[in-house]
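These protein sequence lines are chains Z and L, in that order.
Just so we're aligned: 61 in my numbering is position 61 of the first sequence, and the numbers increase by one with no gaps anywhere.
Just so we're aligned: 1086 in my numbering is position 86 of the second sequence, and the numbers increase by one with no gaps anywhere.
Glycine is no exception: its CB is placed at the ideal position from the N, C-alpha and C atoms.
A quick write-up on the structure given underneath.
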Amino acid sequence: MVTTVTSFGRSGLYDWLLQRFTAVILLTYTLCVGSFLLSHPHLDFATWSGYMRTTPMKVFSLMALLSMGAHAWIGLWSVSTDYLTVRMIGRKANTIRILFQGAYALVLFAYVVWGVQILWGN
Amino acid sequence: MSMLQVSVYRYNPETDEKPWMQDIAVDTGGKDLMVLDVLELLKAQDPSLTYRRSCREGVCGSDGMNMNGKNGLGCITPLSQTVKKDRLVLRPLPGLPVIRDLVVDMSMFYQQYEKVKPWLINDQPAPAIERLQTPEERAKLDGLYECVLCACCSTACPSFWWNPDRFIGPSGLLQSYRFLADSRDTATAERLADLDDPYSVFRCHGIQNCVQVCPKGLNPTQAIGHIRNMLLERAT
């Protein structure tokens, strides 16, 4: 058992399952929005806004946004713990890795809050 | 004369500042020799060349090495299978520290093997003769017990290169499943609990380098999938 405190759910199985679950949500969302865009070649703001402002789309968009946050954290956490390690880049690795993880946690948090504001704000 | 151009990785930490490649021409006599036979011919020319070998028939797992970019056992790899354009490049198994020439330090590999407790655990009183299995239960161990611990798979795995101290690696996980699948083992819950962290099993991204290089034709990726399913069954 390897202990870690920065992985998303602290459990390998939980992260693995969530990564797959969020991937399916993101794929479905992409297909849904993509097919809407393809079926409206002369899309104007009113149509787009009307489509995105329906409650089902707002719920779906929020779900996709949260999925993106979790999916990105798990993926980039893996990348940072593969490459930003003492074995790979030397003794400064721990500082660099924690700064990197902190920075993208901040970016993800900002994206999620900003997204919520866009979706559910006035 | 059938000359084969061999380029072999050389490194003696007592005399060399850094590793270098030695180019040597070897007369194979037109035969489809095994790579280990070629190494024996090279050693006759230069006795300082160092490599591990023992059984010369793919059972001991000593002579795992990288041949023209692919890991395998030198003793059961014929030249016809690996040589391209009359050139053979021999390197030590990637990702492990080199002790000398083609000999690597396998400590990290063995530490991961040790972690999975590769022995039968059974807390029931021992029977008078032996613990019996049905033929079906025994069949579940086929494709698992044959591993010779040559390390070809784990050293072909990028996840093991990056985290050899945390990711158990394909070989160790194949052995782990060998005991998880054993009907006589009673420590399944403890074994699974030890594996449920983000590194031990879940650093496997299923790229199947291990399957491609295993000289015994085993499938560690499939065994890892079985472990994942057992973890899922236990936790969901």
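- Scanning the segment 1072–1147 of chain L for uninterrupted beta strand (DSSP E) segments of 3 residues or longer gives 1087–1091 and 1098–1100, listed from N- to C-terminal end.
- Leu1090 (chain L) sits close to Leu1102 (chain L), with the two beta carbons spaced by under 8 angstroms.
- In the three-state reduction of the DSSP assignment, Arg87 (chain Z) falls in the helix class.
- Around Val1098 (chain L), no beta-carbon contact reaches into chain Z at under 7 angstroms, the shortest distance being about 16 angstroms.
- Within the same chain, Cβ atoms closer than 6 angstroms to the Cβ of Val1098 (chain L) are found at Tyr1011, Pro1092 and Val1104, the five residues on either side in sequence being excluded.
- Annotated as distal: Lys58 (chain Z) and Trp114 (chain Z), with beta-carbon spacing of 8 angstroms or more.
- Taking a Cβ-Cβ cut-off of 8 angstroms, the neighbours of Thr4 (chain Z) in chain L comprise Asp1197, Pro1198 and Tyr1199, given in sequence order.
- From the listed residues Z:Ser35, Z:Thr47 and Z:Ser67, the smallest Cα separation to Leu26 (chain Z) is found for Z:Ser67.
- Membership of Met1003 (chain L) in the beta strand (DSSP E) is indicated by the continuous run Met1003 to Arg1010.
- In this structure, the alpha-carbon of Ser39 (chain Z) lies about 19 angstroms from that of Pro56 (chain Z).
- Counting C-beta atoms within 10 angstroms of its own C-beta, Arg1203 (chain L) has 16 or more neighbours from the protein chains shown and is therefore classed as buried.
- Boundaries of the alpha helix (DSSP H) around Ala1235 (chain L): Pro1220 to Ala1235.
- Sequence-ordered contacts of the segment 9–35 of chain Z with chain L read Ser11, Gly12, Leu13, Asp15 and Trp16 [C-beta pairs closer than 7 angstroms].
- Chain-ordered, the chain L residues with CB closer than 7 angstroms to the CB of Ser7 (chain Z) read Pro1198.
- The C-alpha of Gly34 (chain Z) is placed about 48 angstroms away from the C-alpha of Tyr1113 (chain L).
- Looking from the CA of Cys32 (chain Z), the closest CA among Z:Thr95, Z:Val107, Z:Ala103 and Z:Ser61 belongs to Z:Ser61.
- DSSP places Asp1037 (chain L) within a helical segment (H, G or I) once states are collapsed to three.
- Counting the other Cβ atoms within 10 Å of the Cβ of Cys1147 (chain L) gives 16 or more, which makes it buried.
- Residues of chain Z with a Cβ closer than 7 angstroms to the Cβ of Arg1191 (chain L) do not exist; the shortest Cβ-Cβ separation is about 11 angstroms.
- In terms of beta-carbon proximity, Leu1173 (chain L) stays away from the interface with chain Z, with every pair separated by 8 angstroms or more.
- Of all residues in the segment 77–95 of chain Z, only Trp77, Ser78, Thr81, Asp82, Tyr83, Thr85, Arg87 and Met88 place a beta-carbon less than 9 angstroms from a beta-carbon of chain L.
- In the structure shown, Met1 (chain Z) adopts coil according to DSSP, grouped into three states.
- Ranking L:Pro1047, L:Phe1179 and L:Glu1040 by CA distance to the CA of Trp1119 (chain L) puts L:Phe1179 first.
- Residues of the same chain with a CB within less than 6 angstroms of the CB of Leu1149 (chain L), apart from the 5 flanking positions on each side, are Gly1061 in chain order.
- Leu1073 (chain L) sits close to Asp1063 (chain L), with the two beta carbons spaced by under 8 angstroms.
- Rounded to whole angstroms, the Cβ separation of Leu1088 (chain L) and Asn1066 (chain L) is 11 angstroms, and the two are not in contact under 8 angstroms.
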